[in-house]
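J.: Residue numbers (the numbering used here): 49 to 357.
Yeah, the Cβ is synthetic: ideal placement off N, Cα and C, and Gly gets one too.
Here it is, the structure, as structure tokens.
See the structure below:
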């Protein structure tokens, strides 16, 4: 038998597996499936977040009619009016109160988190449950509970009478101190959980080794434990500082509305002053303060990662 050969010089195509289809089709299909899966979430976010946000920004540049409604047009008068010393005082007070609340929550949150992390796993779960259970109740109900606790003749007043700090019925509310206590109570758990998550994986023998090497109590925390807990403390500061700026229920119920935060100012502009464009401008300023705070915390987190790398 003789084998036929080609005269063109090209080898015949060998039978084998078929050629793979081009990769563009599977990629396009995956992109289409991903788009369809993300479409409901995207539409929800656009309808409930982006559209109202754009509407508020648009209204902040509008002018108000005789009844405080949106009249239309484009003007910077609302932002110029917010430069009044009365409103600047509210913004300054809000930033100061948010910073003070954040500092106190960080200190208390670190102490509580360190205590939790040093307990046995079973005890940790029990203590965490005791922290979480009160927050199953509505925020407004818990704020009203503080009114009963701080009222004249209430449990706090009875305790201060027993230790000789006060004599008889004492008016604790409304006051700035009561408002600050309510802020700490409201945001302390949000500071505890991130710090506890950072300290949870720390072995207790690490502190014992530092003590054996001559570190005192202060150095064990400042040189060993605090650097480990720093990412959690940064997250706790972010989760405490930003929401404090927008709180309006606690200053009204516990502070009597005497010292307003930005959230109270926005509610007052919308409801009492009936000036919707100016209220929208105050909302935009609050949003810018929150974005600036997030940028500052983001830069701090980046520097922390660079140092730890």
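Could you compute how far the alpha carbon of residue 339 sits from the alpha carbon of residue 345?
T.: By 1-based counting over the chain shown, the position of residue 339 is 291. By 1-based counting over the chain shown, the position of residue 345 is 297. Answer to the nearest angstrom: the Cα atoms are 10 Å apart.
J.: Among 295, 239, 314 and 305, whose alpha-carbon lies nearest the alpha-carbon of residue 277?
T.: Here residue 277 refers to the residue found at position 229 of the chain shown. Out of 295, 239, 314 and 305, 239 has the C-alpha closest to the C-alpha of residue 277.
J.: In chain order, which continuous runs of the alpha helix (DSSP H) of length 4 or greater are located wholly inside the region 218–277?
T.: Segments of the alpha helix (DSSP H) lying fully in the region 218–277: 224–247 and 252–260.
J.: Does any CB atom of chain C fall closer than 8 Å to the CB of residue 307?
T.: No chain C is part of this structure, which consists of one protein chain only.
J.: If I measure Cβ to Cβ from residue 214 and keep anything under 8 Å in the same chain, skipping five residues before and after, which residues do I get?
T.: The sequence position of residue 214 within the chain shown is 166, counting from 1. So the qualifying residues of the chain are 205 and 208.
J.: If residue 252 sits next to residue 166, beta carbons under 8 Å apart, how far is it from one beta carbon to the other, in whole angstroms?
T.: Looking up residue 252 in the chain shown gives position 204. Looking up residue 166 in the chain shown gives position 118. At roughly 6 Å, the Cβ-Cβ gap stays under 8 Å, so residue 252 and residue 166 are in contact.
J.: Return helix, strand or coil for residue 161, following the three-state DSSP convention.
T.: Residue 161 sits at position 113 when you count from the first residue of the chain shown. The answer is helix: DSSP assigns residue 161 an H, G or I state.
J.: Are the beta-carbon atoms belonging to residue 358 and residue 341 less than 8 Å from one another?
T.: Outside the shown range of the chain, which is 49 to 357, sits residue 358, and nothing can be said about it.
J.: Under a three-way DSSP split, which group does residue 308 fall into?
T.: Here the question's residue 308 lines up with position 260 in the chain shown. Residue 308: coil per DSSP, three-state reduction.
J.: Per DSSP, residue 112 is paired with what?
T.: Working through the chain shown from its first residue, we reach residue 112 at position 64. Partner(s): 118.
J.: State the DSSP-derived secondary structure class of residue 167, mapped to helix, strand or coil.
T.: Within the chain shown, the letter at position 119 stands for residue 167. Residue 167: coil per DSSP, three-state reduction.
J.: So, with DSSP's three-state summary, where would you put residue 104?
T.: Here residue 104 is taken as the residue at index 56 of the chain shown, counted from 1. Looking at residue 104 - three-state DSSP - the assignment turns out to be helix.
J.: Could you check whether residue 237 and residue 183 sit closer than 8 Å to each other, using their CB atoms as the reference points?
T.: The residue given as residue 183 occupies position 135 in the chain shown. The residue given as residue 237 occupies position 189 in the chain shown. A contact, by the Cβ cut-off of 8 Å.
J.: With distances taken Cα to Cα, identify the nearest neighbour of residue 164 among 138, 246 and 194.
T.: Within the chain shown, numbered from 1, the residue matching residue 164 stands at position 116. Nearest of 138, 246 and 194 to residue 164, Cα basis: 246.
J.: Which residue marks the beginning of the alpha helix (DSSP H) containing residue 298, and which one marks its end?
T.: Counted from its first residue, the chain shown places residue 298 at position 250. Element bounds for residue 298: 297–301.
J.: Since residue 121 and residue 114 should fall inside the 8 Å C-beta cutoff, what is the C-beta to C-beta distance between them, to a whole number of angstroms?
T.: Here residue 121 corresponds to residue number 73 of the chain shown, with the count starting at 1. Here residue 114 corresponds to residue number 66 of the chain shown, with the count starting at 1. Rounded, the Cβ-Cβ distance is 15 Å, inconsistent with contact.
J.: Write down the C-beta distance between residue 242 and residue 284 rounded to the nearest angstrom, noting that I regard them as a contact closer than 8 Å.
T.: The residue given as residue 242 occupies position 194 in the chain shown. The residue given as residue 284 occupies position 236 in the chain shown. With a Cβ gap of about 4 Å, residue 242 and residue 284 count as contacting.
J.: Less than 8 Å between the C-beta atoms of residue 293 and residue 146, yes or no?
T.: Locating residue 293 in the chain shown gives position 245, counting from the first residue. Locating residue 146 in the chain shown gives position 98, counting from the first residue. In this structure, residue 146 lies closer than 8 Å to residue 293 by Cβ.
J.: Determine the closest residue to residue 354 out of 286, 324, 328 and 279, with distance taken between C-alpha atoms.
T.: Position 306 of the chain shown, counted from the first residue, corresponds to residue 354. The residue with the shortest Cα to Cα distance from residue 354 is 279.
J.: Between 332, 302, 84 and 262, which has its C-alpha nearest residue 314's C-alpha?
T.: Position 266 of the chain shown holds residue 314. Nearest option by C-alpha distance: 332.
J.: So, helix, strand or coil for residue 145, using DSSP?
T.: Walking along the chain shown from the start, residue 145 turns up at place 97. If DSSP states are grouped into helix, strand and coil, residue 145 belongs with the helices.
J.: May I have the straight-line CA-CA distance separating residue 229 from residue 77, to the nearest angstrom?
T.: One-based indexing of the chain shown puts residue 229 at position 181. One-based indexing of the chain shown puts residue 77 at position 29. Their backbone Cα atoms lie some 56 Å apart in a straight line.
J.: Tell me the rounded alpha-carbon separation between residue 317 and residue 286.
T.: For the purposes of this step, residue 317 is taken as the residue at position 269 of the chain shown. For the purposes of this step, residue 286 is taken as the residue at position 238 of the chain shown. The straight-line gap from Cα to Cα measures roughly 27 Å.
J.: Taking the alpha-carbon positions, what's the residue 116 to residue 104 distance?
T.: As a working note, residue 116 is residue 68 in the chain shown. As a working note, residue 104 is residue 56 in the chain shown. Looking at the two C-alpha atoms, the distance is approximately 15 Å.
J.: What residue range is occupied by the uninterrupted alpha helix (DSSP H) comprising residue 207?
T.: Along the chain shown, read from residue 1 onward, the residue named residue 207 stands at position 159. Its alpha helix (DSSP H) spans residues 203–210.
J.: Can you tell me where the alpha helix (DSSP H) with residue 125 in it begins and where it stops?
T.: Residue numbering aside, residue 125 sits at position 77 when the chain shown is read from its first letter. 125–129 is the extent of the alpha helix (DSSP H) around residue 125.
J.: In chain order, what residues of the same chain lie with their CB nearer than 7 Å to the CB of residue 337, ignoring the 5 residues before and after it?
T.: Locating residue 337 in the chain shown gives position 289, where the first residue counts as 1. So the list reads 293, once near-sequence residues are dropped.
J.: By the 10 Å Cβ neighbour count, where 16 or more other Cβ atoms means buried, how is residue 98 classified, buried or exposed?
T.: Position 50 of the chain shown holds residue 98. So residue 98 ends up on the exposed side.
J.: Smallest Cα separation from residue 125: which of 347, 271, 329 and 349?
T.: What you label residue 125 is simply residue 77 of the chain shown in a count that begins at 1. For residue 125, the nearest C-alpha among the options comes from 329.
J.: Quick one, are the C-beta atoms of residue 219 and residue 203 less than 8 Å apart?
T.: Taking the chain shown and counting its residues from 1, the one referred to as residue 219 is at position 171. Taking the chain shown and counting its residues from 1, the one referred to as residue 203 is at position 155. Result no, Cβ atoms of residue 219 and residue 203 do not sit closer than 8 Å.
J.: So the candidates are 347, 319 and 309; which of them puts its Cα closest to the Cα of residue 134?
T.: As a position in the chain shown, residue 134 is number 86, starting the count at 1. For residue 134, the nearest C-alpha among the options comes from 309.
J.: Label residue 154 either buried or exposed according to how many other C-beta atoms from any shown protein chain fall within 10 Å of its C-beta, with 16 as the threshold for buried.
T.: The residue given as residue 154 occupies position 106 in the chain shown. Label assigned to residue 154: buried.
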